[in-house]
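In this note's numbering, the protein residues as written are 602 to 907.
Glycine included, C-beta positions come from ideal geometry on N, C-alpha and C.
Here the structure is a predicted model, which means the values were calculated and not measured.
Read through the structure below, which is laid out as structure tokens, and then see the notes.
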């Protein structure tokens, strides 16, 4: 009887593995599951544990239950931060959607240099957030602001505007910067959705006497709604958990008046070393974002069933 070589034994095993769909699926999914477990599941579980403990830098802490959450909820700075996060997310998303839709409708038309304009429009989204925010910070600088200089030279103002030295002004400046940065993402995504709509529908509505607004509201918008919902949800998730822009532009100031949940959690958890309290503050984002995703999924299923 001839002895089987290792290759002769391994080949059928490999063939059987490839023929078994469940085993093959498990092998192919294993790297992705491992990455998700290491970089998403473990940090999330660790964050939940830290939020329920009194852990700080150099101190393993002990289990304190919901004490960190109650302490944060009764903190006046946290209350301002919580409100800022909703205001910042709401208005930035509204402006990005409105301006992005307007740009998408313009770029959907045929004109000379359309490809160049489309490519140039992506610059705010391509430039690193820290770099572009530093440029905006210089433009809003209370001493060397080019915007104040321009408005003063044109006679529109007589005194300098407190762009970053006043809490309300600083928050709206952050909303402007976030709108400028996120608008190309909306425009390109909505433009891709517009190009899937059959132009014959627009022509038919035009022949029936519909004006431009009626064609948009009754023809374009219903067909573009699923794409719009998805891009809005992605924007809400990104904006609600924004960190870089606020940290570079205002640092949460002046006097902690422009903090978002991400920046305030960083200040408490990392800057002051109170890891448990910082984790608790950051976890306030989770139920809000979970609700947003759940509402989106339900709405999309209703659209598919309609």
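DSSP lists 664 as the bridge partner or partners of residue 654. In the DSSP annotation of this structure, the continuous segment of the alpha helix (DSSP H) that includes residue 863 starts and ends at 862-867. Residue 899 counts as exposed, since fewer than 16 other beta carbons sit within 10 angstroms of its beta carbon. In the structure shown, the three-state DSSP call for residue 697 is helix. Rounded to whole angstroms, the separation of the alpha carbons of residue 805 and residue 623 is 50 Å.
Under the 10 Å beta carbon count, residue 843 is surrounded by 16 or more other beta carbons and is classified as buried.
The beta-carbon distance between residue 877 and residue 652, rounded to whole angstroms, is 6 Å. This is short enough to meet the 8 Å contact definition.
Taken atom to atom, the span from the alpha-carbon of residue 890 to that of residue 748 is near 35 Å. Going by beta carbons, residue 791 and residue 820 fall outside the 8 Å limit. Excluding sequence positions up to five before and after residue 678, its CB lies within less than 6 Å of the CB of 857, all in the same chain and listed in chain order. Proximity of the segment 702-721 to the segment 786-801 meets the contact definition, three or more beta-carbon pairs being nearer than 8 Å. Distance between residue 746 and residue 710, taken at the CA atoms: about 37 Å.
DSSP, reduced to helix, strand and coil, places residue 678 within a helical segment of the structure shown.
The segment 724-736 and the segment 775-784 touch, with three or more beta-carbon pairs separated by less than 8 Å.
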